[in-house]
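Below you'll find the structure, written out as structure tokens, and then a few comments.
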Amino acid sequence: MRKLITILLLTGVIALAHGQDNGDQAGDPEAGGSSNGGQASLRGLTQLDVTKKADAFKRIPKDRSPYVSDYVYQPPLIPHRIRGYEISTNANKCLSCHSFKNARDAGATKISVTHYGTREGQVLSDVSPRRYFCLQCHVTQSDTAVLVENDFKRVDSLR
1475 MRKLITILLL TGVIALAHGQ DNGDQAGDPE AGGSSNGGQA SLRGLTQLDV TKKADAFKRI
1535 PKDRSPYVSD YVYQPPLIPH RIRGYEISTN ANKCLSCHSF KNARDAGATK ISVTHYGTRE
1595 GQVLSDVSPR RYFCLQCHVT QSDTAVLVEN DFKRVDSLR
């Protein structure tokens, strides 16, 4: 075990020393630095070791009617802005409008009854902890360009 630890430490020291010797060549593929190999990605032709400036936030319309689902059990998209909504262990802003108790008064869509069940099939009186963090499945809808072209076809019964 001591030999293994010694070898790992020695390898790390050698790699660190080698990295300091070639530090000025990091973005230059011809000098042994990292490269994207000329391949474009969703980031563009940005080098792998270069941090690109973040894109601007997508414009989210204030309120709109929801999109129609494309497949069965698709989590509905959020048809309004949610910036500033707190969703944490202690609070969930979504439930102030979408819970069974508040949906009618708020004029909002009720959350699905599936959100009240546990993995064992027990029905709870409040939202299940596994469905409490809405943004795990639901995202805001916005009109944006397609990132990756595809041939996806909507389920016939949902047309």
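With this note's numbering applied, the sequence shown corresponds to residues 1475 to 1633, in that order.
Idealized CB from N, CA, C, for every residue including glycine.
Note that this is a predicted model, so its numbers are computed, not measured.
Once the 5 residues before and after HIS1572 are set aside, which same chain residues still bring their CB inside 8 Å of it?
Residue mapping note: residue 1572 aligns to position 98 of the sequence shown, counting from 1. If we look at HIS1572 and ignore the five residues flanking it on each side, its Cβ neighbours are ALA1580, ALA1582, THR1583, LYS1584 and ILE1585.
Sequence-distant residues of the same chain with beta carbon closer than 6 Å to VAL1601, five excluded per side
As a working mapping, residue 1601 is identified with position 127 in the sequence shown. Same-chain partners within the cutoff: HIS1589.
On the CB-based measure, 16 or more other CB atoms within 10 Å of its CB, does LEU1484 come out buried or exposed?
Position 10 of the sequence shown, counted from the first residue, corresponds to residue 1484. LEU1484 is exposed by the Cβ-count criterion.
Could you tell me the distance, in whole angstroms, from the CA atom of LYS1567 to the CA atom of ILE1561?
Along the sequence shown, read from residue 1 onward, the residue named residue 1567 stands at position 93. Along the sequence shown, read from residue 1 onward, the residue named residue 1561 stands at position 87. Taking the CA atoms as reference points, LYS1567 sits about 6 Å from ILE1561.
TYR1606 versus ARG1555: straight-line alpha-carbon distance, rounded
For the purposes of this step, residue 1606 is taken as residue 132 along the sequence shown, with counting starting at 1. For the purposes of this step, residue 1555 is taken as residue 81 along the sequence shown, with counting starting at 1. Cα to Cα, TYR1606 sits roughly 19 Å from ARG1555.
Excluding the 5 residues flanking ILE1552 on each side, which residues of the same chain have their C-beta closer than 6 Å to its C-beta?
For the purposes of this step, residue 1552 is identified with residue 78 of the sequence shown, where counting begins at 1. Here the set comprises HIS1612 and THR1614.
Name the two residues that bound the continuous alpha helix (DSSP H) containing HIS1572.
Within the sequence shown, residue 1572 is the residue found at index 98, counting from 1. Counting along the chain, the alpha helix (DSSP H) containing HIS1572 begins and ends at 1569-1572.
Which residue comes first and which comes last in the alpha helix (DSSP H) that contains ARG1538?
Counting from 1 along the sequence shown, the entry for residue 1538 is found at position 64. Run containing ARG1538: none; DSSP gives neither H nor E here.
Residues near ILE1534 in its chain [Cβ-Cβ closer than 6 Å; skip 5 each side]:
As a position in the sequence shown, residue 1534 is number 60, starting the count at 1. So the qualifying residues of the chain are ARG1555, THR1614 and SER1616.
Please classify ILE1479 as buried or exposed, where buried requires at least 16 other C-beta atoms within 10 Å of its C-beta.
Along the sequence shown, read from residue 1 onward, the residue named residue 1479 stands at position 5. Exposed is the call here.
Output the boundary residues of the alpha helix (DSSP H) element that contains ARG1605.
Position 131 of the sequence shown, counted from the first residue, corresponds to residue 1605. DSSP places ARG1605 in no alpha helix (DSSP H); its state is neither H nor E.
Straight-line gap, PRO1603 to ARG1593 (C-alpha atoms, nearest Å):
As a position in the sequence shown, residue 1603 is number 129, starting the count at 1. As a position in the sequence shown, residue 1593 is number 119, starting the count at 1. Spanning the alpha carbons of PRO1603 and ARG1593 requires a straight line of approximately 10 Å.
Use the C-beta contact count for ARG1628: other C-beta atoms within 10 angstroms, 16 or more gives buried, fewer gives exposed.
The sequence position of residue 1628 within the sequence shown is 154, counting from 1. ARG1628 comes out exposed.
Taking 9 Å as the threshold (C-beta atoms), are PRO1550 and TYR1541 in contact?
By 1-based counting over the sequence shown, the position of residue 1541 is 67. By 1-based counting over the sequence shown, the position of residue 1550 is 76. When the beta-carbon positions are compared, TYR1541 and PRO1550 come within less than 9 Å of each other.
Is the beta carbon of ASN1564 sitting closer than 9 Å to the one on SER1570?
Position 90 of the sequence shown, counted from the first residue, corresponds to residue 1564. Position 96 of the sequence shown, counted from the first residue, corresponds to residue 1570. Their beta carbons are not under 9 Å apart, which means ASN1564 does not touch SER1570 by this criterion.
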